[in-house]
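Residue numbers (mature numbering (1 follows the signal peptide of the UniProt record, and there is no 0)): -21 to -1, 1 to 186.
Beta carbons are placed, not taken as given, at the ideal position from N, Cα and C, and that holds for glycine.
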């Protein structure tokens, strides 16, 4: 796994964190709330400048060091769930402190108007299209800050991820227990707050 040094902290494969929760196909009858729809439009307006990836880089986002374009299939989940794309992240907003034995941090950042992670879909011509954003908080830091339950967005609890030592699978991909939440600008038939989006593809990801 490749790594980079950012602000004194080695960042390795940060997209691994939001991959492993036991996602099942969402209830197809679920209807996105008006609150969620309004929120998505507000966040999209606030982050529109990041449609230019050079702006993202200038503001401190870095591409996931693994270079992975994340798909559900690649992580043992149903292929029909789709993909997440390529993650660009802000290590300072994630509050990263250590990378071994597990990636950990102190951040409790939940502001989607200034997200910690940007989600890009690679295009055939090599360009990137901004398709969504994400935030992630580590459970210990979140609870130390006085929070008794998971963060919530538009009435939806964030996805919780933790490794199960009783299995051979690395459920949290070498991250400490954490919560994460995706928010899609690209319409998602399963719901625009679900982790994966079947309308996002990694087919044009270049090695």
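Alpha-carbon spacing of residue i relative to residue j, whole angstroms
i	j	result
residue 159	residue 184	24 Å
residue 98	residue 69	12 Å
residue 51	residue 25	28 Å
residue 177	residue 89	25 Å
residue 9	residue 79	Residue placement at residue 9 cannot be trusted, given a pLDDT of 49 that sits under 50; the coordinates are not used to answer.
residue 3	residue 161	Reliability fails at residue 3, whose pLDDT of 48 lies under 50, so the model's placement of it is uncertain and no value is given.
residue 163	residue 144	32 Å
residue 101	residue 71	25 Å
residue 166	residue 124	34 Å
residue 132	residue 15	8 Å
residue 55	residue 142	15 Å
residue 53	residue 18	30 Å
residue 13	residue 20	11 Å
residue 116	residue 95	10 Å
residue 57	residue 75	30 Å
residue 77	residue 182	33 Å
residue 73	residue 157	11 Å
residue 59	residue 46	22 Å
Local Cβ density within 10 Å of residue i, reported as buried at 16 or more and exposed below that
i	result
residue 44	buried
residue 146	exposed
residue 155	buried
residue 64	buried
residue -11	Interpretation of residue -11 is limited by its pLDDT of 45, a score under 50 that renders its predicted location unreliable; the figure taken from the coordinates is listed afterwards. Result: buried.
residue 22	buried
residue 110	buried
residue 112	buried
residue 127	exposed
residue 6	Any answer about residue 6 is weak, because its pLDDT of 48 lies below 50 and its placement is not dependable; what the coordinates show is given next. It counts as exposed.
residue 105	exposed
When the options are compared against residue i, the one with the closest alpha-carbon
i	options	result
residue 175	54, 95, 24 and 61	61
residue 48	57, 59 and 67	67
residue 82	108, 118 and 56	118
residue 103	20, 127, 18 and 180	180
residue 114	91, 182 and 46	91
residue 107	35, 17, 19 and 20	35
residue 121	182, 57, 84 and 94	84
residue 195	182, 87, 58 and 46	Coverage of the chain is limited to positions -21 through 186, which leaves residue 195 absent and any answer about it impossible.
residue 27	93, 157 and 182	93
Min CB distance residue i to chain C below 9 Å
i	result
residue 157	Looking for chain C here will not work: only one protein chain is present.
Segments of 4+ residues assigned as alpha helix (DSSP H) that fall wholly inside the segment 49 to 127
70 to 73 and 118 to 123
inquiry  = Across the segment 126 to 143 and the segment 30 to 40, are there enough close Cβ pairs to call them in contact, namely three or more that are closer than 8 Å?
reply    = no
Tell me whether the segment 168 to 175 and the segment 34 to 42 touch, counting them as touching only if at least three CB pairs, one residue from each stretch, are closer than 8 Å. no
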